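Here's the structure we're looking at; comments come further down.
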Amino acid sequence: MAREEKKAARKRFDEIIGVAKRHHLAKLLTKNEDDEDFEVSDLRYAMEELGPAFIKLGQLLATRPDMVGNEIADDLKLLRDNTPVTPFDEIRDVIEGELAQPLEDVYCEFNEEPLGSASIGQVYRARLKENGMEVAVKVQKPG
């Protein structure tokens, strides 16, 4: 693994640990149900904060109450319908990175409000500059 890859992996690991601490996720391992610091929703909030891969994991765990318990599974089911919208400036960076050119060079119109948002992507309405055709632009969320 190259030095930059190791540095990026370490940064992401530190981010994951920080989110886990902030949401008291170590409490899940102790099975201490009297702990007032831990809320069932803390796991879901952490997964939302960590991004698409963790949201997918949460959606999978929601189908396994035998592994996580009914209360946690029920809360994780909210990840199916209530995925957070990624801010447009981050989405713009993804699109322009893929196109290797500014958005305005490809589209004459681009609605910054997504038509839909799912765990790993968002869909936008746009109009091509080249021929005026209205299109749907599906973008994978960063992270």
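Using our numbering, the letters of the sequence shown correspond one by one to residues 1423 to 1565. Backbone N, C-alpha and C define an ideal beta-carbon position, used for all residues, glycine too. Remember, predicted model here, so these are calculated numbers, not experimental data.
For residue i, three-class secondary structure by DSSP
| i | result |
| --- | --- |
| residue 1523 | coil |
| residue 1531 | strand |
| residue 1444 | helix |
| residue 1463 | helix |
| residue 1480 | helix |
| residue 1553 | coil |
| residue 1564 | coil |
Cutoff 8 Å; reference residue i; Cβ partners in own chain excluding five residues on either side
| i | result |
| --- | --- |
| residue 1478 | 1541 and 1542 |
| residue 1517 | 1525, 1559 and 1561 |
| residue 1514 | 1525 |
Cβ separation of residue i and residue j, assumed to be a contact under 8 Å, to the nearest whole Å
| i | j | result |
| --- | --- | --- |
| residue 1566 | residue 1501 | Lying before the first or after the last residue shown, residue 1566 is absent from the chain, which here runs from 1423 to 1565. |
| residue 1528 | residue 1563 | Wrong, their Cβ atoms sit about 20 Å apart, outside the cutoff. |
| residue 1505 | residue 1539 | 6 Å |
One or two residues paired with residue i in a DSSP bridge
| i | result |
| --- | --- |
| residue 1546 | 1559 |
| residue 1539 | 1544 |
Other residues of its chain near residue i: CB distance less than 7 Å, five sequence neighbours each side excluded
| i | result |
| --- | --- |
| residue 1532 | 1525, 1546 and 1548 |
| residue 1536 | 1507, 1544, 1545 and 1546 |
Own chain residues within Cβ distance below 6 Å of residue i, not counting five before or after
| i | result |
| --- | --- |
| residue 1556 | 1549 |
| residue 1495 | 1484 and 1487 |
| residue 1467 | 1445 |
| residue 1470 | 1506 |
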